[in-house]
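To start, the structure under review is shown below, and the notes come after it.
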Amino acid sequence: MGKTNSAQSALDLLVLTILERRGPIHGYGIATAIQDLSQEALRIEEGSLYPALHRMEELGWIAAEWKMSETGRRARFYRLTSAGRKQVLSESERWASFTAGVSRVLRHA
Amino acid sequence: MSWLSRLWNAVNPRQSDEDVAEEMRDHLERRIAGLKEAGLSAEEAERQARLWYGNTTRLREESRDFRLWTALEGTLQDIRYAWRGMRRGPAFVITAVLSLALAIGATTAIYSIVDAAILRPLPVFKPDELFTLSWPDVHDPGSPAGRERTSFSYPEYLRFAAVAKPAARLGLFSFPNRVDAQGPSAQSAIEKVNRAFVSGEAFDLLGVSPAVGRLFSAEEDRVPPPHPVAVLSYEYWQKRFHSDPSVVGRSLTIEGKRYEIAGVARQGFFGVEPGKFIDVWLPATSYEERALAAPDWHWLQIIGRSAPGISPLRLAAMLQPSFHEFQFNAVKQYPTMPAAIRDQFLKSAIHVRSAASGVSSFRETFSRPLWIVFGVAAGILLIACANVASILLARSTARSSEMAMRVSLGAARMRLVRQMLTESLLLSLMAGGLGWLFAWTLAPLLVRSISPADDPVQLVLAIHTRVLFFCIGVSTLSAVLFGLAPAWQASGTKPMTLVRSSFGQLSKLRVGKFCVSIQVACAFCLVMTGAAFLFSLGNLLRVNPGFDARNVDVLEITTEAPKSDDPVAWIATHPGEEARLRNLTLQLQSQMASQPGIQGAALAMWPIFEGGGWSEQVIIPGKGPSEREEILYRVSPGYFATLRTPLIAGRDFEVKDSGARGLIPAIVNEAFARRYFNDLNVVGREFSIGKSVHRVVIVGVAADAHYYDLRTSADPIVYLPTEGSNSFTLYVRSPLNFGQVVRMLDRETQALGSGMRVRGITTLETIVGNTLTREKLLAGVGGACAFLGLLLAAIGLFGLLSYSAGRRTKEIGIRAALGARRTEIISLILKEASGLITGGLVIGLAGAVAAITLFRSLLFGIRAADPFVIGTAIGIFLATGLTAVWLPAYRAAKLDPMSALRQE
Chain A
-17 MGKTNSAQSA LDLLVLTILE RRGPIHGYGI ATAIQDLSQE ALRIEEGSLY PALHRMEELG
43 WIAAEWKMSE TGRRARFYRL TSAGRKQVLS ESERWASFTA GVSRVLRHA
Chain B
9 MSWLSRLWNA VNPRQSDEDV AEEMRDHLER RIAGLKEAGL SAEEAERQAR LWYGNTTRLR
69 EESRDFRLWT ALEGTLQDIR YAWRGMRRGP AFVITAVLSL ALAIGATTAI YSIVDAAILR
129 PLPVFKPDEL FTLSWPDVHD PGSPAGRERT SFSYPEYLRF AAVAKPAARL GLFSFPNRVD
189 AQGPSAQSAI EKVNRAFVSG EAFDLLGVSP AVGRLFSAEE DRVPPPHPVA VLSYEYWQKR
249 FHSDPSVVGR SLTIEGKRYE IAGVARQGFF GVEPGKFIDV WLPATSYEER ALAAPDWHWL
309 QIIGRSAPGI SPLRLAAMLQ PSFHEFQFNA VKQYPTMPAA IRDQFLKSAI HVRSAASGVS
369 SFRETFSRPL WIVFGVAAGI LLIACANVAS ILLARSTARS SEMAMRVSLG AARMRLVRQM
429 LTESLLLSLM AGGLGWLFAW TLAPLLVRSI SPADDPVQLV LAIHTRVLFF CIGVSTLSAV
489 LFGLAPAWQA SGTKPMTLVR SSFGQLSKLR VGKFCVSIQV ACAFCLVMTG AAFLFSLGNL
549 LRVNPGFDAR NVDVLEITTE APKSDDPVAW IATHPGEEAR LRNLTLQLQS QMASQPGIQG
609 AALAMWPIFE GGGWSEQVII PGKGPSEREE ILYRVSPGYF ATLRTPLIAG RDFEVKDSGA
669 RGLIPAIVNE AFARRYFNDL NVVGREFSIG KSVHRVVIVG VAADAHYYDL RTSADPIVYL
729 PTEGSNSFTL YVRSPLNFGQ VVRMLDRETQ ALGSGMRVRG ITTLETIVGN TLTREKLLAG
789 VGGACAFLGL LLAAIGLFGL LSYSAGRRTK EIGIRAALGA RRTEIISLIL KEASGLITGG
849 LVIGLAGAVA AITLFRSLLF GIRAADPFVI GTAIGIFLAT GLTAVWLPAY RAAKLDPMSA
909 LRQE
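So the protein sequences, as listed, match chains A and B.
Here the first sequence is numbered in my numbering, starting from -17 and rising by one per residue.
Here the second sequence is numbered in my numbering, starting from 9 and rising by one per residue.
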C-alpha cells in the first residue's frame, strides 16, 4: 500500500471530500457524485473505486456498514471517521500546494 | 477496519468475499438501471456498465488483499484441507501420531533430565562467573585413573581463599549428607534431611537472598562458632513448617545437636548440586572440630566467583604454589608411600573448572549414560520419522492423480509443498502434544528408576518451559524430516501421470527404499547396543560376589552420642568409651543371632558396596611396605556365616579377639594370601599394617568376596575384629520382614539399656543393586528402545514391500501365468527385501560397533565386536525382518494370474 501516486491520492481526496460533505453514502453514490460534480470531466474506472474504499477503510479513515438504501435494497454505506476528517484537511492542503506548484510552473515556463 | 478484522476475515474469508461481491453487484445493477433510463437497450446498458466498471476479478482480488491477511488465510486453508484429509484416513493418522508421540515423548523425557542435570545453569546470580577447584586422582600404578578429586580440607580452603583475593572470592560447600532432623519439640518426628555445610559468605557469593530471616555471614566463620544456627531451604520450610515465618528463632535438632533457625533461603535455590535438594545448611564451623584443623581431612568442595577478566589459568597459577605445599606436607606424613604414588601427589596440578551448572556427583555418574540414552531415543525418533515418511510416500501415490490435477490447474510447486508440509506439521504437532504429556509422566519415573529409595535424586525438570520449547522444536524438525521428501516428490508430479499411470513412480520407490534402509540401519544399531547393555547387565548379575545377598537385612545403628563421620579416628580418641560400646555391640550381636527366625547376625564398621572404606599399606616381614593400600574391614564373629562367605582355612573370629592388644588376630581372603604370600596356606603367618603399625597374625582364610562393586575383580581384604563404635552396621540373615526385625532389635537394645537406635534399614540385595543403577538404566531403556525400534522398522519394511509387491501385480501375474512356481515368486520378493535389509544391516553394524567402542567403559564383559552380541542381534533382526517380509511375499505368491492381469 506504500505507493502514493498522485492519481491515487487524488481519488482518495475526492472520495473523502464527498463523504465529508454528503454524509453516509454508498459506493455508487460516490461514483455518480464524482461524475456529476466534475460535469463528466472525471470518468474514473468505476470498479477501482471499491479497492480504494476498502483500502481507506483498512486505514481507518472511513467506516462502513450495511444499510437499507432509498430503493429498499441492501447497500454498503460509507462515512468519514475522525481520523478521516484529519486526513481530508492534510490531503486538501497538500493538493492545493501541489496544484499551485504545477500551475506556477505552467505559467512561468 | 483493523488488524483484528483482517484476522477475522482471514479465518472466515467467505463472508468478506460475499460482501465485496454483493457491493459490486449492487453497483452494476444501479448503473444498468441508470443507463436504461437514459434510453439504452438492456443489453447495451449491461455492456456499457461492465465496460465502465473494469476487470471485476482483478478488482475483487485487490480488495481482498486489503481486507484480509492472505498469508494467514492460505495457511488456514491448508490446515483445514489437511484436517479433512486426516479424517478420511484415521488409521494412518493414529499409527503415525502414536509412533511419533512415543518417540518424541521418550526424547523429550530424557532431554528434560539431561537439561536439569547437565545443561541448565544454576539458578543463581551470574552463574557463568562461578568455578570449582579440582585435582587429578592419585591411583595405583597400572590401574586406570579415577575421576578428578574435588574434595579439599578446611586449612586448604582458608589458604586458597586468602591467596585468591581479590582475583576471586571462594566459598565452601560440603558434600550433601542425609542425616536425622527433629523439629523444635521433643515429640516432633525424626526425619531424614539433606544437610550441607557452607562457609559464612557462601550465600552472598552466589547472590542468594533470604525469603525470611537472615542467611549466614562472616560471623559464622569464627571458630568456635558463636552460636549454632541453621538456614532452611524454601522447599523444606514449605513442606515441614508450612511456610510459617515465625520459624525464625526456633530450634532444630540435627544429628542430636540443636541449632537455632536463622532464616530461609529464597525460593528455587536448592544448593549447588543438581540431583540433590539441600534441606538444611549449617555453618562449616559447626562441623567436627578436628576437621577444621586437619589438613588431610578432605570433606568439602570449593566454589568461587572470579572477578571480571581473570582467566581460569591465571587463577590456577595463583593457587598452585599453596596447593603444592599442602601436597608436599601430606606426602611427608607417609614415609612408606611408594615412589610412584608420591610422584603423582607432588606433580599434581590444581584445576579451575566452570561451575556454571553446579557440581554434581549425580552428573559425574550419569552424564555419559544419559547422553547415550538420549542418543538411543533420538534413534527411535529417526526410525519413527522414516516410518511416517514411507507411509506418506505410499499415500502420495494414492493422491498422485489429485496432485497431477492441481499441477495442471496451475498450482505452484512451492504452494503444493507448503500444503503437504502443513499436513506433516499438523501430524507432528499432534504427536508432539501427546508426546509432551507422555514425557511429563515418563521423566519422573525415569528419575525414580535411577535413584536409591532412601536417597532420591531430585531434579528440577523444567517440563513447562525449556522442555516444552524443546518438544515443539523436535516436533517441527521431525515434520520437516518426514514431510519434506514426500512433499517434494508428490508436488513434482507431472500432469501426464494422469494418462500414463505408472510413470514417475520408480523414483518414489527409491525414496521409500532409502527410508526403509535408514530404519533398518537405526533399528539394527539399537538392537545391537540394546543387546550389549542387556548382556552386560547379565554378566554383572552372574558375577559371584563371594557372599549370598538374599535375605540379608542391613541395619545402620547409632548410639545417642553424636555420630562421627570417621569411626576409625573416633576410636583412637575415645578409649574408655570404646570398651563399653564394644561389649554392648557384641552382646547385641549374640542376642540377635540367637533369636528365633534369625539365621545369623554380625557387626561391621559400615555396609559393603556403599563406598565406605578404610585402606592402608601392609608390611610383610622381610619385605618393604606394599605398593598399594589394601582394604581393611572390621567384622564381628559370625560375619562369614551370616553372609555365607566360605572360610577356606583356620577359624572365625571369637568374642575375645575384639579388644586384643599386641598381636591382633586377622582373617585374610584368598586374593590377599595369593598376592602377598603366594600361597593359600597362611594361617599363623604375621604381618603389620601401615601407619597404625598393628601387628597381626592370620587366624583364618576366607573365600574371595567383592567389596566395592561387582565390576572390578575381587580385591584383597584384611578382616579385623570389631571395636566399639558409636555407629555401626548390623547384618541380619532372616526371612522375616523389616518390621519384625526392627521390633526384635528394639526389644534387645532396650534390654541392654544402651540408647541405641536404628538409623536406617535396607537389604543387602538393594545395596548391591544400587551399584548397578547405571547398568540397569542402560539395559532397561536400551532394551525397550531396541524393541520399539525393531517394531517400527518391521512395520516400515512390511509397508514398503506390500506397496512394491502391489505395484508389481502385473509382472507377478505374467510370471505366474507363464508357469512360475510359488517358491519362485516368494524368492522374488525376498530378494528385494534382502537387498534392503543387508544394506541397512551393514551400516547399522558399523554404527553399533563404533557406538559400543565409544562407551566400552560402561559395559562389562562385552567386546566392541562381540560375536555373541552381533550374532544375537542379527538373529533377532532377521527373525523379525522375515516375519515382516513373509506376509507380502506370501500374498504375492497366492495371486491368481487371471485376476492380476485383468486389473490393468
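Glycine is no exception: its CB is placed at the ideal position from the N, C-alpha and C atoms.
All values derive from a computational prediction rather than experimental measurement.
- Shown here, residue 484 of chain B sits in a helix according to DSSP, grouped into three states.
- Taken through DSSP and simplified to helix, strand or coil, residue 182 of chain B comes out as strand.
- With a threshold of 7 Å between beta carbons, residue 34 of chain A makes no contact with chain B.
- Looking at the DSSP output, residue 138 of chain B bridges to B:313.
- From the beta-carbon of residue 34 of chain B, the residues of chain A found nearer than 9 Å are 8, 9, 10, 51, 55, 56, 57 and 58.
- Put simply, of B:864, B:861 and B:898 the residue whose alpha carbon is nearest the alpha carbon of residue 837 of chain B is B:898.
- In the three-state scheme derived from DSSP, where H, G and I count as helix and E and B as strand, residue 291 of chain B is classed as strand.
- Judged by DSSP secondary structure, residue 267 of chain B falls within the beta strand (DSSP E) whose first and last residues are 265 to 273.
- If you draw a straight line from the Cα of residue 50 of chain B to the Cα of residue 18 of chain A, it comes to about 23 Å.
- Under the Cβ distance rule, residue 58 of chain B does not count among the residues neighbouring chain A, no pair being separated by less than 7 Å.
- By the Cβ test, the stretch 886 to 893 of chain B is not in contact with the stretch 169 to 182 of chain B, since fewer than three Cβ pairs between them sit closer than 8 Å.
- If you compare the alpha carbons of B:778, B:288 and B:215 with that of residue 249 of chain B, the shortest gap goes to B:288.
- Any Cβ of chain B closer than 7 Å to the Cβ of residue 37 of chain A would place that residue at the interface, and such an atom is present.
- Here residue 93 of chain B is not bridged, per DSSP, to any residue.
- Counting only runs of 4+ residues, the alpha helix (DSSP H) found wholly inside the stretch 815 to 886 of chain B occupies 817 to 825 and 830 to 862, in chain order.
- Residues of chain A with a Cβ closer than 8 Å to the Cβ of residue 785 of chain B do not exist, since the nearest Cβ in that chain sits about 60 Å away.
- In terms of beta-carbon proximity, residue 22 of chain A stays away from the interface with chain B, with every pair separated by 7 Å or more.
- Residues of the stretch 409 to 441 of chain B with a Cβ closer than 9 Å to any Cβ of chain A: none.
- Here residue 202 of chain B carries a strand assignment [DSSP, helix/strand/coil].
- Annotation: the continuous alpha helix (DSSP H) that includes residue 26 of chain B extends over 21 to 45.
- With a cutoff of 7 Å on beta-carbon distance, residue 619 of chain B and residue 659 of chain B are scored as not near each other.
- Per the coordinates, the alpha-carbon of residue 797 of chain B lies some 10 Å from the alpha-carbon of residue 790 of chain B.
- Looking at the DSSP output, residue 641 of chain B shares a beta bridge with B:727.
- In the displayed model, residue 449 of chain B falls within a helix according to three-state DSSP.
- Cβ atoms of residue 497 of chain B and residue 404 of chain B come within 8 Å of each other, at about 6 Å.
- A Cβ-Cβ distance of about 7 Å is found for the pair residue 10 of chain A and residue 34 of chain B, placing them in contact under the 8 Å criterion.
- Between the beta-carbon of residue 309 of chain B and that of residue 486 of chain B there is about 41 Å, and that puts the pair past the 8 Å contact cut.
- Contact check between the stretch 238 to 245 of chain B and the stretch 285 to 305 of chain B: three or more CB pairs, one atom from each, fall below 8 Å, which counts as touching.
- Within chain B, the C-beta atoms nearer than 8 Å to that of residue 40 of chain A come from 9, 14, 74 and 75, in chain order.
- Straight-line measurement puts the Cα of residue 133 of chain B at about 54 Å from the Cα of residue 648 of chain B.
- Identification of residues in the stretch 166 to 185 of chain B having a C-beta nearer than 8 Å to some C-beta of chain A yields an empty set.
- Chain-ordered listing is empty here: chain B has no CB closer than 8 Å to the CB of residue -9 of chain A, the nearest sitting near 16 Å.
- Proximity to residue 527 of chain B across B:804, B:74 and B:67 peaks at B:804, based on C-alpha coordinates.
- Listed as beta-bridge partners of residue 739 of chain B by DSSP are B:562 and B:610.
- Burial is judged here by how many other beta carbons sit within 10 angstroms of a residue's own beta carbon; residue 231 of chain B has fewer than 16 and is exposed.
- The stretch 606 to 615 of chain B makes contact with the stretch 726 to 741 of chain B, as at least three CB pairs between them are under 8 Å.
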